[in-house]
Every structure is written in C-alpha cells, then in structure tokens.
Amino acid sequence: MQQNVVLVVARILLSILFIIAGYGKITNLGGTAGYFGSMGLPIPMLTAILVTAVELLGGIAILVGFFTRPAAYILALFCVATAFIGHGDFSVAGNDIHFMKNLAIAGGFLFVATFGAGALSVDAKRA
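For the sequence shown, this note's numbering assigns the number 1095 to the initial residue and increments by one for each residue that follows.
Right, here's the structure in full:
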C-alpha cells in the first residue's frame, strides 16, 4: 500500500506543473502563439494548441493514472524537446538549470512509464 501512495504523490508532483502550465496557455492562447512565433517556431497558433494539449491533457492523464505509460512517454519526449528548444541557449541566464530540470523531469516520466501508475489509478480499475 505504501508504494501505491508514493506513486500517487509522484504523479501529483509531476503532473501539477503541466496542468498549471497548460491551463495558463489555454487561457492566453494568443499570447502563447505570439511567444512561440517570437521564438521562430513554425505555425505558432497550431504549435500553441498542440503544446497546450500535451501539457494539459498529459498532466491530467498522469494525475489520475489514465493511459499513464503512453502519457508518460509523450511527456518525457516533450520535456527533452523543450529543454533543447526552449532552454538550449546557455548564453541566457538560467537556461542551464532549466535545461537540466527538464531532463530530470523527463527522467521522472520515464520511471512512471516503466513502473506504471500503481493500484490507485484509473488504469488499475480498467485492468
């Protein structure tokens, strides 16, 4: 039982960042698209919608443990991509630590993808 409680806490800690970030993006989609455009990302509005969906839906999936393994793999890949795209310029103050944090979060998601959501999850109820 203790392991399952720890897995729930881990899912909460990993997911809250993405749920909050996704919610922030969805409530200011135009601003998000503008920021992505200023970074030179292609099709800024579509990119904003996709990033928002990955963060918000992926975060919720991890939180409740629904399709946990695929969601964790997607978010791990997302974190690695974000590290390079958003924080790869180490001449910008703070990017080095943000880069490493994104890689560390990706590692956490790989653990979730490997071990699953645990018994206290939607996935466990579906099995």
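C-beta atoms are modelled at their ideal positions from N, C-alpha and C, and glycine is treated no differently.
- Less than 8 Å separates the beta-carbon of V1206 from that of L1108.
- Note on T1126: 16 or more other CB atoms within 10 angstroms of its CB, so buried under the neighbour-count rule.
- Put simply, the backbone Cα of A1165 is about 6 Å away from that of G1152.
- The C-beta distance from N1098 to L1214 rounds to 5 Å, short enough to fall under 8 Å.
- Out of A1211, D1183, C1173, the CA that lies nearest to the CA of L1111 is found in C1173.
- If only complete runs of 4 or more residues are kept, the stretch 1135 to 1198 shows the alpha helix (DSSP H) at 1138 to 1158, 1162 to 1181, in order along the chain.
- Note that the C-beta distance between L1150 and G1116 is below 8 Å.
- Looking at the backbone, the Cα of I1114 and that of G1212 are separated by about 23 Å.
- Selection N1122, I1191, I1156 evaluated against G1210 yields I1156 as nearest (Cα-Cα).
- In the three-state reduction of the DSSP assignment, S1132 falls in the helix class.
- Around the CB of G1188, fewer than 16 other CB atoms lie within 10 Å, so the residue is classed as exposed.
- The straight-line gap separating the alpha-carbon atoms of G1128 and Y1167 is approximately 28 Å.
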